[in-house]
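J.: In the numbering used here, the protein residues as written are 233 to 538. Every residue gets a Cβ at the ideal spot worked out from N, C-alpha and C, and that includes glycine. As the structure is a computational prediction, the values presented were derived from the model and not from experiment. For reference, the structure I am asking about is given below.
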Amino acid sequence: MIPLIIDTDPGVDDAMALMLACASPEVDLLAVTTVFGNVPLPGTTANAGRILTLAGRPEIPVAPGAARPLVHVQAERAEEWHGDDGLGGRAAGLPPGPAPDPRGALGTQVEVLREASEPVTIATIGPLTNIALLLATHPELAPRIGRIVWMGGSLSGGNVTGAAEFNAHCDPEAAHRVLTQADVPVTMVPLDLTHQCPVGPAWLHALAAAGPRCAELGTVITHYRTAYRARYGVDAVAVHDAVAVLEAVLPGTLRTTPHPLQVACDLGPARGATVPGGPGPAVAVALDADTEAVLAAILERLSTLG
Ligand code: BDR
Ligand code: CA
């Protein structure tokens, strides 16, 4: 089994991604660490606990990390998509999770990495602040990280500004730190791919029919679905974070192209853009996949939760 840490800011698609990891026998989900992002940190932390409880895995530690970006304040959150509570208005209706792990995100990641007998995958599906801090403060642990799989970035324009994807835009300095280091291989799952494979009504209907846990996830998705229709004029939902977690649990599912990348860290309109080029190591950028198979695999796995 692949030992796995998920770093996340739930978030509706984060919720789906967490449930997907819980439904994937190839991985041992050792810890979930949380970061500010879609909503403030207390909400993302509580939501991660709620979703793990919904998935039947309340014993997995949930450890809170960064409440803000490294350098500049967060420019924009994403309540428009995820609701004020981060779970489409459904958070209060879900069973609460256990108390947050007092070790915090960094302490938890360090302990998990030190104790792991084989390299750990870190799937990171929010701003990269916690991961930048881990790499900066514990370089000796880099060999214990097998790979970092990040949902974020874009080579073809953003979703929060014309240039920048949300997770990159939340903390461009952290993203630059992680994407330009050479110690741990990074796979980036950008909007270029996740926008190619939104799920439609039939997929969402099948999810809701799979059992009570999936039906609850379906109600969490409703607000996001309405927002997606308002923005793009289609009845569908992008499942960004779940695509990245599928790659983490089934390495090689997505087809990647190597690109050295830099992140625009100036305060102008390009801020947060992930730009090919620069002296750094190649990031494996997932630009292509059998998208039907990807969505079928996500649905099939979620359905096993009932
Ligand atoms: C990313 O931004 C967040 O709103 C989603 O959870 C996802 O991680 C997509 O740009
Ligand atoms: Ca996210």
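#1: Taking the alpha carbon of Arg282 as the point to measure from, which residue in Asp246, Ala518, Asp260 and Val259 has its own alpha carbon closest?
#2: Can you list, in chain order, the residues of its chain with a C-beta nearer than 7 Å to that of Asn391? Leave out the 5 residues immediately preceding and following it.
#3: For ligand 2, is there any heavy atom lying closer than 7 Å to the beta carbon of Gly512?
#4: Helix, strand or coil, according to DSSP, for Thr489 in the structure here?
#5: Go ahead and pull the three-state DSSP assignment for Asp245.
#6: Looking at the unbroken alpha helix (DSSP H) that takes in Leu345, where does it start and where does it end?
#7: Around the Cβ of Arg487, are there at least 16 other Cβ atoms within 10 angstroms (buried) or fewer (exposed)?
#8: Just to confirm, is the Cβ distance from Thr277 to Thr266 under 8 Å?
#9: What are the boundary residues of the alpha helix (DSSP H) that Gly450 is part of?
#10: Tell me whether Thr240, by its Cβ, gets closer than 7 Å to a heavy atom of ligand 2.
#11: What span of residues does the alpha helix (DSSP H) with Arg282 cover, start to end?
#12: Where does the unbroken beta strand (DSSP E) through Ile238 begin, and where does it stop?
#13: Can you tell me where the beta strand (DSSP E) holding Thr266 begins and where it ends?
#14: Within 10 Å of its beta-carbon, does Tyr464 have 16 or more other beta-carbons around it, so buried, or fewer, so exposed?
#15: Would Asn270 and Gly321 be called neighbours here (beta carbons separated by less than 8 Å)?
#16: Tell me, please, which residues DSSP counts as bridged to Gly514.
#17: DSSP puts Ala182 in a beta bridge; with which residues?
#18: Is it buried or exposed, Val244, if we count other Cβ atoms within 10 angstroms and call 16 or more buried?
#19: Inspect the beta-carbon positions of Trp382 and Ala476 and report whether they are closer than 8 Å.
#20: Can you name the start and end residues of the alpha helix (DSSP H) that Thr361 belongs to?
#21: Just to confirm, are Leu534 and Cys429 a CB contact at a threshold of 8 Å?
#22: For the beta strand (DSSP E) containing Thr419, list its first residue and its last residue.
#23: Determine the closest residue to Leu366 out of Glu350, Gly336, Gly384 and Ile292, with distance taken between C-alpha atoms.
#24: Any idea if Ser349 is buried or exposed, counting beta-carbon neighbours within 10 angstroms, 16 or more meaning buried?
#25: Measure from the alpha carbon of Pro359 to the alpha carbon of each residue in Ala395, Asp239 and Met233, then state which is nearest.
#26: Between the Cα of Met233 and those of Asp473, Gly275 and Gly378, spot the shortest distance and give me the residue it belongs to.
#27: Please classify Val466: is it buried, with 16 or more other beta-carbons within 10 angstroms of its beta-carbon, or exposed?
T.: On the basis of the supplied data:
#1: Nearest Cα to Arg282 within the set Asp246, Ala518, Asp260 and Val259: Asp246.
#2: Glu397, Phe398 and Leu423
#3: Checking every heavy atom of ligand 2 against the Cβ of Gly512, none is found closer than 7 Å.
#4: strand
#5: Helix at Asp245.
#6: Gly336 to Glu347
#7: exposed
#8: yes
#9: Pro444 to Tyr464
#10: yes
#11: Leu273 to Leu286
#12: Ile234 to Thr240
#13: For Thr266, the uninterrupted beta strand (DSSP E) segment begins and ends at Val259 to Thr266.
#14: exposed
#15: no
#16: It is worth fixing the name first, because residue 514 is Ala in this sequence and not Gly. Ala514 pairs with Pro492.
#17: Coverage of the chain is limited to positions 233 through 538, which leaves residue 182 absent and any answer about it impossible.
#18: buried
#19: Cβ atoms of Trp382 and Ala476: closer than 8 Å.
#20: Residues Thr361 to Thr369.
#21: No, the Cβ-Cβ distance between Leu534 and Cys429 is not below 8 Å.
#22: Val418 to Val421
#23: Gly336
#24: exposed
#25: Comparing Cα positions, the closest option is Asp239.
#26: Gly378
#27: Exposed, since its Cβ has fewer than 16 Cβ neighbours within 10 Å.
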